[in-house]
Structures are given as C-alpha cells and as structure tokens.
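With the sequence shown counted from 1, adding 46 to any position gets you my numbering.
What follows is a set of notes on a single structure, which appears directly below.
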Amino acid sequence: MTAPNWLYENFDPAGSAIGYRVTRKLDEVQSPFQKIEIYESTDWGNVMLIDGAMMVTTRDNFLYHEMVSHPALFTHADPKHVVIIGGGDCGTLREVLRHPGVQKAVQCDIDEQVTRMAEKYFPELCESNSDPRAEILFDDGIAYMANCAPGSVDIVIVDSTDPVGPAEGLFNKAFYDSCFRALKDDGILVQQSESPLVLLDLINEMRGEMRKAGFDSFQTLPFPQPCYPTGWWSCTLARKSGGFDFREADARAKPFTTKYYSADIHKGAQHLPPFVAEALGE
Ligand code: SAM
C-alpha cells in the first residue's frame with residue numbers, strides 16, 4: 047500500500063507495516079552492501095532505512111540503543127573492552143562510552159556509508175566518535191571476530207540488521223564460535239534478537255546456535271521499539287557460565303542519564319511475559 051507522503055515498511059511475517067508521514071527524502075546511497083535512505087518526517091525527526099527496513103528514527107532510537115548496551119554492561123562485573131559488531135549509526139557506541147570503566151570500545155560495521163549518513167543526519171548519535179577510547183572500523187564483523195585475540199574481550203554487542211544479506215552470517219554457530227573464543231570466561235555476548243511477538247522461533251534458533259558454540263546461559267530482554275516491526279523488540283544475552291544478576295546498586299547510581307534504561311526497567315525486563323517464557327522454555 048502507498049499513500050502520498052507516507053513511507054511504509056511492510057512486514058510480511060506479521061502481515062503488518064510500520065509507517066511515517068514524511069516531508070522529503072534527504073538522501074539515498076547504494077553502497078556495495080545495501081541501499082541506505084534518509085527521510086525527514088513530520089513527527090519522528092529523521093528516519094534511516096537500509097534496504098527498505100527501518101533502522102533508526104531521531105525520536106525513538108534511545109530505546110534500542112540503551113537496551114542493547116546498558117543491561118549487558120551492568121551485568122558484567124567490570125567491562126573494560128567492548129566490541130560492537132554492526133552499529134554503524136554509532137548510537138550503541140555512544141551508550142557504551144557513557145560507562146567510565148570502559149577503556150576500549152571497537153565498532154566494526156561492514157558499511158562505512160551508514161556511519162557517514164549518521165554523522166550527517168543523526169549527529170547526536172555520533173557525539174562520542176572522537177572519544178579516545180573509541181575505535182571505528184569498517185570491515186566484516188564475521189572476519190573481525192574470527193581474528194580477535196582469544197580471551198581478550200569482555201562484551202560483544204551484535205547490533206546488526208536482520209539476518210539477511212551481509213548480516214546473515216551473524217546468526218550462526220560459526221560466528222558464535224568466534225565470539226565464544228574472543229570473550230573472556232566471564233564475558234557476555236548480547237545480540238539484537240528481533241520481535242518477541244512474532245519471531246520467537248528465531249530467538250530459539252539463535253539460542254540453539256549459541257548453545258552449540260558453548261554458551262550455556264541465556265537471557266532475553268524485551269523492550270518497546272515503535273520503529274521496528276510489531277513495535278516490540280528484544281535483545282538476547284549469552285554467557286559461558288554464570289547468571290544474569292546485575293550490578294543493581296551501580297545501575298541506580300550510574301553517573302550518566304538515560305531516557306529509558308533504569309535499574310527498575312532492567313529488573314522488569316527480566317520477567318518475561320508467560321507466553322514468551324513458555325516459548326523459550328523458561
Ligand atoms: N538497530 C538496527 C536494527 O535492529 O534493525 C540495526 C542498526 S545498525 C545500522 C545495523 C548495521 O549492521 C548496519 O549498519 C549494517 O551495515 C551492519 N552489518 C550488517 N552485516 C554486517 C556484518 N557482517 N558485519 C558488520 N556489520 C554488519
């Protein structure tokens with residue numbers, strides 16, 4: 047369906063769509079990997095799409111960026127070295143660098159054009175790009191993780207597009223093997239894990255592939271995300287061993303502000319709705 051001035055992403059698995067009223071297209075580039083488009087909307091600020099899928103809006107990206115980063119960083123006892131695979135809009139990097147204990151945050155996105163577009167149309171997401179602790183690379187995240195020194199990383203955050211195209215290889219055992227090897231024994235892998243309303247099979251498959259790679263405990267945290275299909279999204283944490291109690295006192299006393307994440311939101315997200323818990327065997 048189309049209508050004047052409305053931009054839609056149709057989502058076949060749910061028979062639904064996400065739409066924005068837009069005023070104009072600001073930019074479009076076909077990179078070697080994907081088509082990136084930027085629109086100006088009437089109510090949501092700028093909107094970035096990759097291959098027709100909504101990635102980021104100015105108004106609601108904080109939900110995703112805060113939830114894909116802070117729960118993992120407050121669950122790890124002392125995260126110093128963080129790797130972000132994907133995340134080219136730089137919003138996750140900005141959240142990770144809010145933690146004063148982080149000494150190094152590597153962002154490895156396959157597509158430089160995503161970051162160039164973010165710098166131009168989402169400059170607020172890129173405000174930590176010149177932090178001396180940040181290292182921004184443009185390379186395939188699969189190769190980056192395969193070449194990481196064993197036992198060198200505290201947290202791997204997979205902030206990728208959906209499991210098609212260049213991101214397909216970020217959802218299988220071979221990639222998780224590399225993450226497992228690169229992580230220290232108390233390390234955490236966290237990955238955006240799509241909609242818990244309609245893609246529970248995918249979350250189960252991801253967990254299955256992670257388990258085959260050696261991860262043995264999992265936690266899926268749901269959160270609202272209006273710009274993604276169904277409006278409800280999730281991230282899944284995996285550990286080699288150990289649980290998901292988080293540093294609640296540190297989260298309450300965090301030396302930075304957040305718009306969605308809080309210690310109470312973190313606690314609440316740990317309690318899955320019954321239908322999700324049942325589907326995930328919890
Ligand atoms: N938050 C978004 C979502 O859930 O839809 C993802 C946003 S972020 C812009 C996704 C990034 O993953 C893109 O910039 C894309 O270039 C990157 N990406 C896809 N496949 C990749 C790969 N194999 N290695 C590194 N980055 C990859």
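Backbone N, C-alpha and C define an ideal beta-carbon position, used for all residues, glycine too.
Check whether the Cβ of Met101 lies closer than 7 angstroms to any heavy atom of the ligand SAM, and answer yes or no.
Answer for Met101: yes, Cβ within range of the ligand SAM.
Any idea what DSSP makes of Gln159, helix, strand or coil?
Residue state, collapsed to three classes: helix.
To the nearest angstrom, how far is it from the Cα of Trp52 to the Cα of Arg67?
Going from the Cα of Trp52 to the Cα of Arg67 covers about 4 angstroms.
Less than 7 angstroms separating the Cβ of Leu216 from some heavy atom of the ligand SAM?
For the ligand SAM, a non-hydrogen atom lies closer than 7 angstroms to the CB of Leu216.
Measure the CB-CB distance between Thr276 and Ala60 and report whether it falls below 8 angstroms.
A contact, by the Cβ cut-off of 8 angstroms.
Here's the rule: buried if 16 or more other CB atoms are within 10 angstroms of the residue's CB, otherwise exposed. What is Ser287?
By the neighbour-count rule (16 or more Cβ atoms within 10 Å), Ser287 is not buried but exposed.
On a CA-only basis, which of Ser239, Pro268, Glu165 and Val244 is nearest Gly254? Give me that one, please.
Nearest C-alpha to Gly254: Ser239.
Ignore the nearest five residues each way along the sequence and tell me which others in Gly215's own chain have a CB closer than 7 angstroms to its CB.
Cβ within range, chain order: Ile188 and Phe221.
Please report how far the alpha carbon of Ala323 lies from the alpha carbon of Thr266, in whole angstroms.
Those two C-alpha atoms are separated by around 9 angstroms.
CA-CA distance, Arg293 and Thr121?
Approximately 6 angstroms between the Cα atoms of the pair.
Quick one: any contact between the region 129 to 141 and the region 168 to 185, if contact means 3 or more CB pairs under 8 angstroms?
Yes, the region 129 to 141 is in contact with the region 168 to 185.
Going by the CB atoms, is the gap between Phe184 and Glu158 shorter than 8 angstroms?
In contact: Glu158 and Phe184 (Cβ atoms closer than 8 angstroms).
Can you tell me where the alpha helix (DSSP H) holding Cys225 begins and where it ends?
For Cys225, the enclosing alpha helix (DSSP H) stretches over residues Lys219 to Ala228.
Roughly how far, in whole angstroms, is the beta-carbon of Arg298 from the beta-carbon of Phe261, given that I think they are within contact range, below 8 angstroms?
The pair is not a contact, with the Cβ atoms about 28 angstroms apart (cut-off 8 angstroms).
Beta-carbon within less than 6 angstroms of Lys305's beta-carbon, same chain only, minus the 5 sequence neighbours each way: which residues are those?
The residues are Phe108.
Helix, strand or coil: how does DSSP classify Ile64 here?
In the three-state reduction of the DSSP assignment, Ile64 falls in the strand class, which pools E and B.
Below 8 angstroms between beta carbons: does that hold for Gln152 and Ile130?
Note that residue 152 is Val in the sequence shown, not Gln. Yes, Cβ-Cβ distance for Val152 and Ile130 is below 8 angstroms.
Backbone secondary structure at Val148 - three-state DSSP:
DSSP places Val148 in coil when its eight states are reduced to three.
Which runs of the alpha helix (DSSP H), 4 residues or longer, sit entirely within the region 110 to 144?
Here the runs fully enclosed are 137 to 142.
Please indicate yes or no: does the CB of Thr104 lie closer than 7 angstroms to some heavy atom of the ligand SAM?
No, since every heavy atom of the ligand SAM falls outside the 7 angstroms radius drawn around the Cβ of Thr104.
Cβ neighbour criterion (16 or more within 10 Å) applied to Gly132:
With 16 or more Cβ atoms within 10 Å of its Cβ, Gly132 is classed as buried.
The beta strand (DSSP E) that contains Val210, what's its start and end?
It is not in any beta strand (DSSP E) - Val210 carries neither H nor E in the DSSP assignment.
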